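Line by line, the protein sequences give chains A and B. Sequential numbering from 1 applies to the first sequence in the UniProt record's numbering. Sequential numbering from 1 applies to the second sequence in the UniProt record's numbering.
Number of protein chains: 2
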Amino acid sequence: MAEEAEGRVGLSPTSGSDQQAPHFLQDVIFHGKSKLLKALTPQENTQSQQGLYFLDGQRRVDYVLTYPVKKSTVGRSCRQATHLLTENAVARSLRRGYQSRDQHIRHHQVPRAQNPSSPPSSPGTDVELGCLAETLYGQEDHKILRRAEFEGKLRDMGLELEKDEDTKISGVAFVKIHAPWNILCREAELMKLKMPTKKVYEVKQLSGVVEKISSLVSKVVEPLHPQVEEHQPKNVKHLSHTFSREKQHLFDLSDKDYFFDSKTRSSIVFEILKRTKCKAKYSMGITTLLGNGVYTAAYPLHDGDINEESAVPNDRKLLYEEWANYSVFYKYQPIGLVRKYFGEKIGLYFAWLGLYTQMLIPASLVGVIVFLYGCATVDDNIPSMEICHPRNNITMCPLCDRVCSYWKLSTACATARASHLFDNPATVFFSIFMALWAAMFMEHWKRRQMRLNYEWDLTGFEDEEDHPRAEYEFRVMQKSLSKDQKSQHKIEKLTCQDRLPAYMTNIVMMLLMIGVTFAIVFGVILYRISTKAALYMSSNPVTRSNAQLTVKTTAAIINLVVILILDEVYGAVARWLTVLEVRKTDKSFEERLIFKTFILKFVNAFTPIIYIAFFRGRLVGRPGSYLYVFESYRMEECAHGGCLMELCIQLSITMLGKQLIQNNLFEIGVPKLKKLIRYIRSKQGAFQEEERQKKLQRYQTDHFLEPFAGLTPEYMEMIIQFGFVTLFVASFPLAPLFALLNNIIEIRLDAKKFVTELRRPVAARAKDIGIWYNLLRGVANVAVIINAFVISFTSDFIPRMVYQYMYSPDGSMHGFVNNTLSYFNVSHFQQGKEPMDPLYLGHPVEMCRYKDYREPPWSTTPYEISKEFWAVLAVRLAFVIVFQNVVMLMSDIVDWLIPDIPKDISLQIHKEKILLVDLFLKEEQGKTRNVESRSCTEGKKNCSSRSSSNNNSSTVAHPHSGLHTNSTNSL
Amino acid sequence: MAEEAEGRVGLSPTSGSDQQAPHFLQDVIFHGKSKLLKALTPQENTQSQQGLYFLDGQRRVDYVLTYPVKKSTVGRSCRQATHLLTENAVARSLRRGYQSRDQHIRHHQVPRAQNPSSPPSSPGTDVELGCLAETLYGQEDHKILRRAEFEGKLRDMGLELEKDEDTKISGVAFVKIHAPWNILCREAELMKLKMPTKKVYEVKQLSGVVEKISSLVSKVVEPLHPQVEEHQPKNVKHLSHTFSREKQHLFDLSDKDYFFDSKTRSSIVFEILKRTKCKAKYSMGITTLLGNGVYTAAYPLHDGDINEESAVPNDRKLLYEEWANYSVFYKYQPIGLVRKYFGEKIGLYFAWLGLYTQMLIPASLVGVIVFLYGCATVDDNIPSMEICHPRNNITMCPLCDRVCSYWKLSTACATARASHLFDNPATVFFSIFMALWAAMFMEHWKRRQMRLNYEWDLTGFEDEEDHPRAEYEFRVMQKSLSKDQKSQHKIEKLTCQDRLPAYMTNIVMMLLMIGVTFAIVFGVILYRISTKAALYMSSNPVTRSNAQLTVKTTAAIINLVVILILDEVYGAVARWLTVLEVRKTDKSFEERLIFKTFILKFVNAFTPIIYIAFFRGRLVGRPGSYLYVFESYRMEECAHGGCLMELCIQLSITMLGKQLIQNNLFEIGVPKLKKLIRYIRSKQGAFQEEERQKKLQRYQTDHFLEPFAGLTPEYMEMIIQFGFVTLFVASFPLAPLFALLNNIIEIRLDAKKFVTELRRPVAARAKDIGIWYNLLRGVANVAVIINAFVISFTSDFIPRMVYQYMYSPDGSMHGFVNNTLSYFNVSHFQQGKEPMDPLYLGHPVEMCRYKDYREPPWSTTPYEISKEFWAVLAVRLAFVIVFQNVVMLMSDIVDWLIPDIPKDISLQIHKEKILLVDLFLKEEQGKTRNVESRSCTEGKKNCSSRSSSNNNSSTVAHPHSGLHTNSTNSL
């Protein structure tokens, strides 16, 4: 340090005027020197509070950039040489009278005032830089140059940097960034941050009975609230106002270190980082620099440690104890604290997840009740009684060609009884309930969002279009380079034409992927048909009797495995396709990516289910003229209870399988496994490693955490689950319950991940959950239609109704089973398709029955579709129309009845506006008086002349001077 | 004046310190005096530019309040006495040392600086005021007191007032209000108005081919643009920024008189008026004062005259020439100017109306083509050919009991041919087209709105909750008065319980009104049935042959008249019901009113049409067992061509009738009639009247105009029309054309009304058209379902398709008519219902035919509904489902494909934000440098110490001082 200071002093005499050498040069210079200084740091270590502060222990580290360093000595000498060269160059240029105020280049940079715009370096300097450029030509040196330039610009913007190149982690250097108070103020003003003012007002208490009830309720739910102390009493609120330095007196600036909290500070620094561009061949922002490997990582710091008992209490620790912990699973989330620590965007995700989980409670309650209703009424169900009754000795047609024979309907008793669990009138009620539930959920979320917006001072905040992405800028640069010769136009954007190949690839790939899903589903169907046929043909009777079960189980597992694998594949494909598109901003990139991923994953998860619900068993044909695939396999039928039962099985396997495997295996198991591996490995590194870990600075430990990869996977998982909960709820009333159980774990799992395993994300402001809301809305809408179809086509609800009210002789369900079965004359079997063992039941069969509405063999048009079929079809379709429109209307009414903005919030917003206007008006009056009294005391003459002029009633008054004191002063 | 001045001077020696007598007292005092001053005004008249300025000719009149004056001398003496009393009181209180800076009370108030908050008047003064309160007790005097208080408060707020009590209009006095510059600034800041800054930037020109095309297009449409000069070149735009006095340097304040245009000035004054409250028994805002008759009217002034050739060019005149004029009907509207003159809300209405009209052009084009297609293909239509062909000698069952006889189907040839015009495959296409058209219209409007928001600097503006309405405050006051004894709580709002009776009345009345509509429709049906029966029974053959025509025409006219009358009634009822509700804010009042009016008017307009489309002819029964109303009248059937034809007739009569009568008669005819009456009357008043009119000041002529009553009626008319255009478009493809023709007139009609016949409305800011958009969206959604039903149930489209693809022996339409007719054995007629003249056709009839799908008499289940019926029904329902969902999906896709924010706008918004940030950053740097150089020049020592400290590399720099110069100065 002493050496360097001397070097500086040697130059000082010439620096009477401002001088401006390009900053990156300076940094190149000190890069070489940094090694000399490392001896000084250890003592300062304790001061700097575990790396949360600069070495001076005063300035907070608001952001960290990391870059790789190589411990090679190659090039050192050259760099030393260039160093000297540049020193000379700088000295010479100083003598030439360059303006530069602060070229005092030290390793630990101290605060510097802002520079005026830098003049371009002179040709003379350029010549001398020739060597420099040459020697630094290598890839690595190019990066050093970039970094130097970038960091110089950051300093120009007023940020303060401190480097740490020689850390305990070999190969990684850190740039710690601190934003001083004035920069924070400036940026807060530019970002239009709303901050609490000194002015508080009392939030009106509820009156009378309502108050008593609410206090009672809050007492009851008291243990459900996390133990996070709130600083201010509940009935007092600070007025908020957009921060502005001219209105500084409004804010409580007594503690400037904590006026902006750590997440705000880091997002301010990030804002500056995004704005700062290196002017290389093309302008490079921080994303480009990260992409090119000039920097390896950029992250803000966590607030402190969580594990150590001795650790200073900090928000992170509090979150860890009161939120990211399975033992508090029954409590509300401390959303305010989450927002304070992670920012609004992540806060909104958890608030949304919390509300969703909360809303699942009534849904799963009703679902369980519906299921229990099914269980309770299974014995009173006439159709299944009729099926099971041995007296109804109905002979059914064989289920497969040749090898199968006739069978008795009463053998299907078990499935018939089981299917009643899911196929009863309560299901209809439940799917209407769930449609309204979804609408309520949407509305509640809108209200919650609005409330949070208000509480988080986001009212009035508008989403800004983001800075362009690095890839986009790179492509634009490429394009403008390639076209430079042809035209003078500076190309500033990509046209549709540029993107056409990408769009085409997108469409083709999306269709291909969807095709793959369909093909796989079809493959599984074929597997099922062919295996079943093969097993039936087997001579082993055990194999034959277990055929159905074997095939179903294996097929379902295959389906699940395929879904899980394709899920990962589709995620990758969607990302690749979106990268191809070269979207301009991060926001549109994210939206496109989400959209594509959503479509692919949705198709993937729901195609097999949709097949079972709406296609399976519909295209079977009839005895005597079955439909064949590949001319030999009959299409599959559903078991006698209807396809609803199979749908339910498939749904539960897929949903539970996905949740168990994706959540528990991938999200819990894999990290545990990693830890285990690390533990085994550390056996070798042993003590050393652990010790090192302990001594690491905050910015170094955070470097070892996973980078934050966005909320998309979390949201996506939830929305697919929302699909399971709403789309086929008519067939699986327990879905909400399973979702609820999953989510209770999911919240804490995600919380743990955010608090302990990820680097702290940069706080992003957001008013809403963006595209996710639209997707949810879309799923909820589709759910209405799908449920309508499930009830009317998959379940037997409509045929039962039609029978009861149109055909039943006594208005009861008796005879329903008989009514749904058509007759088939066994002599009409095609040649070679009749059962090999026609006497399987012990007696010859003349007529067998099959489930369909067709004319009997003795009618004039045998085996034609009967009138009943059309009647039932018409009623089914009518039900779909009525159900869809009624439910949609009811959802709209729910939407309309529940105001989007909670009443109390809108009142408070209004009240705050009035209070603010009052505040300003009073302030103005105060100022006017002050100015007047001042002018009175300062100049007696002025004052008396004023008052006399008042009295002479020629009051052309000087209100301007009074009111504008402030503004004119600031000009 | 001299007298008064003397009186003042007499007081002046004591007024060295500020003195504050309640303002309203002062005004009471001068109220008595005003008559003395009237002699002075005429000379100043010429200066004041026809009443647009105060008498000094300098200060603009931004707003006018009027109140009634009585020319009575009663009470004058008492007032004189109180005047003296108060003078004494004031003098005494002055001696007591009250602070009051400007109690210089003159009739024509001059600008005054703001007062500090007024101290309460002392007990001593109160005693003396006792007499005053007593003498002013009368109703009229109470109002004077209120006015005085209110105007005093306005002066406190910084407004300047000028009274004109003795105008040429007897009985009306005017208070002219002027907002001085500093008040405008203050309020603009509080209202967060965005104003253009000095900073301009170039909007990027399109490049290459696109540019050429766009310039070509703009040349072609050049004559369509109104000749309104734009001040700035098109490719340059001013950056806008929220106005703030601290940032005054950003704005071009060279011409302070025109920096805020007249509409902004008036809306600023209106804002202050709304905020100012009289503290009587309860707080009274301007609306309450207007409601109580303290003031009679409040309006801003028009910009000038329109008719006089000599008139100074002004915006109003320009609007009159280039917009509110039938001769420019083909031109675009000068929306920018409309907004500049009337404010954003009205600007948005006309922009919306313009876009709607524009969008109607393609719709009506396609509609006409569809209609022409129907005309062209009428001769190739097989069903009507079959009906018309004399060879198909089908005998039909009688149309009424006893008096009617069998008839030949070929006599229905004409109606069958006519109905093909509206019932052909093109209609299906057209209704899909119109559904998409509606979606496109919505999207386009969103985009247009966004563009206007950007151009009008409304981005970032948020709708504020309005001040409470007068009625609401009154009710709250009443409530708190009545409950005062019971509890200490200050009641601040109405609870649900208070509103319960109103809600109940609302629901009951709404249901009642809807019931009335239904009853009337049913009445018309009965009229039709019974009259028809009566006419058929008539012995006169001419009467009988014209029965059908007579009944239809009279019924349609009755329907129309009823609709028109009920429209007015419902408007009144809705208003009454909404007043009952006592909504808190104007906005919620308006929304409720709109909602109720919309429901009632919609039900009123569409119930008869829905009856015809979906119910008529469905509940007829069959020959041998007809359905009877009142046991004697058969329900009406549609003519053989189907009900679509009748639907079309009803639709066109209602739509055209409504438009012709409501628009032309009410909106054009009635004003003309009024003018005529005025003209005839003026024959008596003759010359005098006209002369007087000419000499009137601006604020006086404006007083004679109609007050602005809101945009609700205009929007409502349009939305009902939108209903006609979209709801039943499948049956009436010419609807868009008629709507287009109507709207071309409507735009200019409304424009004329706003420019010439109404007082200038206070400019209201609005980002969107509010609830109307939701209503439009709702209508568009309902339209999809209704069109689906019209196509599948009202038209014969589906039966034709089913026949062609399911039953036709050769796949053609031949035989369709025969297929749709069932057989009836005439021997099965009920006793007394068979025709009296069975040999009417000249031969005995055994079997007659009727239009229905029923089993023939010879089947096992005669006259039962046939299989075909169910099949057709199923297909119809399936079509509804497919149509509804496909069209809704397509609308959603349109919605999704077209971005809500136009690309160029979002780019420009982004660019502007960056430019603003740059601007501020540069400014800061400039300031820092300035401060530094200033400190260098001012104190050499300071400067050198700074630079040396720089050199000593202990740069703890003074960035704070630099960056905070501004803010600290302003503290």
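For every residue, glycine included, the Cβ atom is placed at its ideal position computed from N, Cα and C. Note that the coordinates shown come from a computational prediction; the quantities given were computed from them, not determined experimentally.
Taking 8 Å as the threshold, the shortest C-beta distance from V209 (chain A) to chain B does not fall below it.
Along the stretch 768-799 of chain B, the positions whose C-beta sits under 7 Å from a C-beta of chain A are I785, read in chain order. Listed along the chain, the chain A residues whose CB falls inside 7 Å of the CB of F920 (chain B) are L190. The three-state secondary structure of V200 (chain B), taken from DSSP, is strand. Considering only B:L190, B:G293 and B:L145, the residue with the shortest C-alpha distance to V172 (chain B) is B:G293. Of the candidates A:N392, A:G621, A:E637 and A:K913, the residue whose Cα lies closest to the Cα of E462 (chain B) is A:K913. At least one beta carbon of chain A lies nearer than 8 Å to the beta carbon of A874 (chain B). In this structure F251 (chain A) is in contact with K198 (chain A), their Cβ atoms being roughly 6 Å apart against a cut-off of 8 Å. In the DSSP assignment, V236 (chain A) forms a beta bridge with A:E202. Counting C-beta atoms within 10 angstroms of its own C-beta, W896 (chain A) has fewer than 16 neighbours from the protein chains shown and is therefore classed as exposed.
Take the alpha-carbon of F722 (chain B) and the one of L740 (chain B): they are about 11 Å apart. The continuous stretches of alpha helix (DSSP H) do not include R849 (chain B), which lies in the beta strand (DSSP E) extending over residues M847 to K851.
Put simply, the backbone Cα of E344 (chain B) is about 29 Å away from that of F738 (chain B). Per the C-alpha coordinates, the member of B:S419, B:C278, B:R60 and B:A874 positioned closest to L145 (chain B) is B:C278. Under the Cβ criterion of 8 Å, K867 (chain B) is counted among the residues facing chain A. Not one beta carbon of chain A lies nearer than 8 Å to the beta carbon of I361 (chain B). For the stretch 878-901 of chain A, the residues whose beta carbon sits under 7 Å from a beta carbon of chain B are, in order, A878, V880, I881 and N885. Across the stretch 169-186 of chain B, CB contacts with chain A closer than 9 Å involve P180, W181, N182, I183, C185 and R186, in sequence order along the chain. When DSSP states are grouped into helix, strand and coil, G57 (chain A) belongs to the coil group. Around A426 (chain A), the same chain offers V370 and Y373 as residues with beta carbons nearer than 6 Å, after the five sequence neighbours per side are excluded. Between the C-alpha atoms of K674 (chain B) and T756 (chain B) there is a straight-line separation of about 15 Å. The beta-carbon of V917 (chain B) is placed less than 8 Å from the nearest beta-carbon of chain A. Where Y536 (chain A) is concerned, the enclosing alpha helix (DSSP H) starts and stops at C496 to M537.
For G832 (chain A), no chain B residue has a C-beta closer than 9 Å to its own C-beta; the minimum C-beta separation is roughly 32 Å. Distance from the CA atom of L526 (chain A) to the CA atom of S792 (chain A), rounded to whole angstroms, is 27 Å. Assigned with DSSP and collapsed to three states, W456 (chain B) falls in coil, not helix or strand. Not flagged as an interface residue toward chain A: E591 (chain B), since no C-beta distance is shorter than 8 Å.
Secondary structure at D261 (chain B): coil, using DSSP grouped into helix, strand and coil.
Relative to the Cα of L705 (chain B), the nearest Cα in the group B:A783, B:P856 and B:Y299 belongs to B:Y299. The beta carbon of G460 (chain A) sits closer than 8 Å to some beta carbon of chain B.
Secondary structure note for Y67 (chain A): its beta strand (DSSP E) is the uninterrupted segment Y63 to P68. Non-local beta-carbon contacts of R760 (chain A) in its own chain, meaning distances under 6 Å to residues more than five positions away in sequence, involve P300 and H302 in chain order.
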